[in-house]
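Worksheet: the structure to be examined is printed underneath.
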Amino acid sequence: MATGETTAAELVEQGLQPRSAAQRLRDAILDEVARLQQEEGLDRTEAIGQLFPSTVLEERTLEVLVTSLLSGSNVLVLGPPGSGKTTLAKAVWDIFPKQLFAVSDCPVHDSPFSLVDPGYAERVPPCPYCKENHGGGEAGRPGSFDAREVDPADVPVRQINLREGYGHARVQGSPEVFPDNLTGSINLARLEEVGDPTSPLVLQPGKILQAHRGLLLVDEIGKLPRGTQNVLLQALQEGIVSPAKSRETFPADVVTVATSNYEDLGNITEPLNDRLANVQTPFPSTAQANRRIIRHGLEGPGRNVPGPYQMAAVRIVMQWRDRMEGGRELSEVGSNRTLIDIVQRTASYAMAADAAQPDPDDLQRAARDAMTGRIRARSGDGFEENRLLVERFLEEHVDEAAREGAVTYWCGFFEDELAGDESSGKRVVEHMRDIVDEHGADPDQWAKLAADGDEDVARFTAYVAERDDLLREQAARRLPAIWRALEDLGAFDQR
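FYI, our numbering numbers position 256 of the sequence shown as 1087, with every residue one higher than the one before it.
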C-alpha cells in the first residue's frame, strides 16, 4: 500500500478499489473473524465474541449486531440504562479500520475515487471544494462535474488515520443539540475575508461531516429534537448534508451506531427508526455473566474484593431486577453501573475502617449507597418514596441474596471439583477451618500449603484462579480472605 503523498493515478495503477465506510467495516470484521478462527482455533461464535472484549453481552446480541453491520445497516442499540449500550457502540469504533487515502487538501477527507471513479462518484460524490479545485466542476452548477473527465494524476492523495473529528464523531443526545451541530455551518465572517464559498477555510464541519468516511456515534438518540433527527435522516437516506448558511451539499458516507433507552424509543421519529437495525442489550441473565461485568469494570481497591462478595453483589442486583418494577425514576437502580459500584464501595468501606478485607456490614452499606444513589425523582417527596422502596427491598432481601452469592461461589467448587459429594464437601470445610485455626489469615502459609501438595488447598486454589481470573500464586495468597468471606456470608450455614 502506498504511503505519504501520492496521486489517484498510483492508487488506480495498484488496483485499489473504492469502498464505502460500511464496506470497509464489513471487510475488517470478516478479516478479523477469519484470523481468529484460523490462528486461534475459535469457532464463529467465539470469534465474534472476541471482537468485543470489553463487553459482556448475550451471544445473540453480538450476532445481531455483527450481521447488521455486515449487511451495511446503521444500528440502534436498545436496552435499559446501564446495560452496556454505549460500551458496545464504542467497541464498534475499536474494530473500524482507521487507515485510508484521502484527497490531500480536502476539508472533509474525500476519497480520491469520488473524483476519478464514475460509479463511486455517483454513490459518494466529492465535496464542493474537490469538485471546484480537482474536478473541473463549477460551484453551484449541478452536473458540471464529470469523473470521467478528471485526470487521476492531477488528484493529490495522502494517507490518513481516522481519529476524533476526522472520521469519527460522537453526539450526546439532548434537546440542546440543534441541526447545525450535525450539519456544521459556513463561517460568514471568514467567507467575507476569503471570498470563495468552496474554500475549506470557511467550512465549520458538524458532527456528520467530522464522521465522513468513518463512524458516527449518537448516544441517546431519542433525546434529539425532531429537527435534528431529520438532518440525520437525510444523511442516512441520501448520503449528503447541507451546512447551515450554505447552498452546497457535502457527502456523508458514515456508519451510524446510535443508542437509546426503551423509555425514549417513542421519541425517535418513525422514518429514522426504520433506517436503523435494532439490537437489543438486555441485562445478562446468568450470575457468571454479571460477575464478568464486575471484572471488566473494577478499578483500584475494588479489584481485591474477595470473589464471594462480588458474587453477593451480583445476587443482590439480580434479585432487584427480578422482584422490583419501576419507571424512569428507578431504571438505574439495577444497572450494570450499580453492580460495579456496590463492589467498589464495599472495598471503600473496608479501607475507611482500616480493615484487611470487607465484612457483610460493608457490603450492606455499599448496596444501600449505590442503589439509593441512582434514584431519579422530580421532587423531594418522590425521591423519599423511592428511597424507602429501595431500603425496604434491601432490608427484606439483602442478607439472603448475599448468602446466595457466597453459596453460588462455593457450589462451583463443590460441584466441579468434589462431584457434589456431601461427605467430601464436609471434609474439605473442616480441613479448611483447621488451617484457619493453625495459620490464621497468613497468605504465605496458605500459598506454601498449595505449593507443598495439600490436595484440598491446591484444588481450591486452582478453582479460585480460574473463577476469579488470577494466577495460581495470586489465588493461593487470596485463599484466607476468600475463605473468611465464605464463612462471614454464611455459605456453610444450614438453612
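For each residue, glycine too, the CB sits at the ideal point set by N, CA and C. Since the model is a prediction, treat every value here as computed from it, not as a measurement.
Which value, in whole angstroms, describes the spacing of the CA atoms of residue i and residue j?
i: Asn1109; j: Glu1051; result: 14 Å
i: Gly1128; j: Ile1171; result: 6 Å
i: Asp1068; j: Ala1042; result: The amino acid occupying residue 1068 in the given sequence is Gln; Asp does not appear at that position. Going from the Cα of Gln1068 to the Cα of Ala1042 covers about 16 Å.
i: Cys961; j: Val981; result: 11 Å
i: Pro959; j: Phe1081; result: 7 Å
i: Gly1165; j: Met1202; result: 7 Å
i: Arg994; j: Ser1077; result: 26 Å
i: Leu1320; j: Pro1311; result: 14 Å
i: Leu1048; j: Gln848; result: 27 Å
i: Asp1334; j: Trp1314; result: Outside the shown range of the chain, which is 832 to 1326, sits residue 1334, and nothing can be said about it.
i: Gln1035; j: Val1072; result: 13 Å
i: Gly872; j: Arg866; result: 9 Å
i: Arg1290; j: Arg1258; result: 14 Å
i: Ser1116; j: Lys1054; result: 28 Å
i: Ala1322; j: Arg1126; result: 22 Å
i: Lys1279; j: Gly1004; result: 56 Å
i: Glu1318; j: Thr1169; result: 25 Å
i: Val988; j: Val923; result: 27 Å
i: Ser869; j: Phe927; result: Before going on, a small fix: residue 869 reads as Gln here, not Ser. Going from the Cα of Gln869 to the Cα of Phe927 covers about 21 Å.
i: Gly971; j: Ala952; result: Summary for Gly971: the model assigns pLDDT 47, below 50, so the residue's position carries little reliability; its value from the coordinates is reported in the next sentence. Each residue's Cα considered, the two are about 17 Å apart.
i: Val895; j: Leu1096; result: 19 Å
i: Val1260; j: Gln930; result: 57 Å
i: Leu1301; j: Ile1099; result: 45 Å
i: Arg1057; j: Ala1075; result: 17 Å
i: Ala1281; j: Ile1173; result: 31 Å
i: Pro1006; j: Asn1012; result: 12 Å
i: Val1088; j: Val1221; result: 34 Å
Of the choices the options, whose alpha-carbon is the least far from that of residue i?
i: Gln990; options: His940, Tyr960, Tyr1093 and Phe1009; result: His940
i: His965; options: Ala933, Ile1124 and Ser1255; result: Ala933
i: Ala978; options: Leu993, Arg954 and Ala1322; result: Arg954
i: Leu1225; options: Met1155, Gln869 and Leu896; result: Met1155
i: Thr837; options: Gln1035, Leu861, Asp936 and Thr917; result: Asp936
i: Trp1277; options: Ser1255, Ala1197, Ala1307 and Asp1185; result: Ala1307
i: Asn1328; options: Ala1143, Lys1038 and Glu841; result: With the chain covering 832 to 1326 only, the question about residue 1328 has no answer from this structure.
i: Ala1118; options: Thr918, Leu1096, Tyr1240 and Gln1003; result: Tyr1240
i: Ile860; options: Glu870, Phe883, Met1263 and Leu842; result: Phe883
i: Asp1084; options: Asp1285, Ala984 and Pro957; result: Pro957
i: Ser902; options: Asp862, Gln854, Lys929 and Gln869; result: Gln854
i: Pro1191; options: Leu1063, Ala1237, Asp1300 and Ser1254; result: Ala1237
i: Thr1014; options: Val1062, Glu1261, Arg1309 and Arg1044; result: Val1062
i: Asp829; options: Asn992, Val1260 and Val897; result: The structure shown does not extend to residue 829, since the chain is modelled only from 832 to 1326, so the question has no answer here.
i: Val843; options: Ser1016, Leu909 and Leu946; result: Leu946
i: Ser885; options: Asn905, Thr918, Leu909 and His1228; result: Thr918
i: Thr1090; options: Ala1075, Pro1074 and Leu1107; result: Leu1107
i: Val986; options: Glu841, Arg1134, Gln1175 and Asp1200; result: Glu841
i: Val887; options: Ala1272, Asn1167, Gly1251 and Arg1196; result: Asn1167
i: Asp1153; options: Ile1173, Ala1184 and Phe1114; result: Phe1114
i: Gly910; options: Asp1300, Glu1094, His1262 and Ala984; result: Glu1094
i: Asn1018; options: Gly1037, Pro1006, Val1002 and Arg1001; result: Gly1037
i: Ala1187; options: Ala1272, Asn992, Gly996 and His1228; result: Ala1272
i: Asp1200; options: Ala1184, Arg1001, Gln1175 and Glu1286; result: Gln1175
i: Phe976; options: Ala984, Pro949 and Arg1123; result: Pro949
What does DSSP give as the partner residues of residue i in its beta bridges?
i: Glu995; result: His999
i: Ala1108; result: Val906
i: Pro1082; result: Ile1071
i: Thr838; result: Pro987
i: Phe802; result: For residue 802 there is no data in the structure shown, the boundaries of the chain being 832 and 1326.
i: Asp1050; result: Gln1003
i: Thr1090; result: Val908
i: Gln1035; result: Ser1016
Is the beta carbon of residue i less than 8 Å from the beta carbon of residue j?
i: Thr876; j: Glu889; result: no
i: Tyr1140; j: Pro1189; result: yes
i: Leu1040; j: His999; result: no
i: Leu856; j: Leu900; result: yes
i: Leu1249; j: Ile1206; result: no
i: Leu893; j: Gly880; result: yes
i: Ala878; j: Val864; result: yes
i: Thr1112; j: Lys916; result: yes
i: Thr1137; j: Thr1059; result: Checking the sequence shown, residue 1137 turns out to be Pro, not Thr. Contact: no.
i: Pro938; j: Ala839; result: no
i: Phe1244; j: Gly1251; result: no
i: Met1263; j: Asp1285; result: no
i: Asn905; j: Val1033; result: no
**Asked** Three or more beta-carbon pairs under 8 Å between the stretch 1175-1184 and the stretch 1212-1220, yes or no?
**Response** No: the two stretches stay apart, fewer than three of their Cβ pairs being nearer than 8 Å.
**Message:** I'd like to know if the stretch 1141-1148 and the stretch 1229-1241 are in contact, where contact means that at least 3 CB-CB pairs between them fall below 8 Å.
**Reply:** The stretch 1141-1148 is in contact with the stretch 1229-1241.
**Prompt:** Is there contact here, the stretch 1292-1299 with the stretch 1259-1271, by at least three beta-carbon pairs under 8 Å?
**Reply:** Verdict: no, contact absent.
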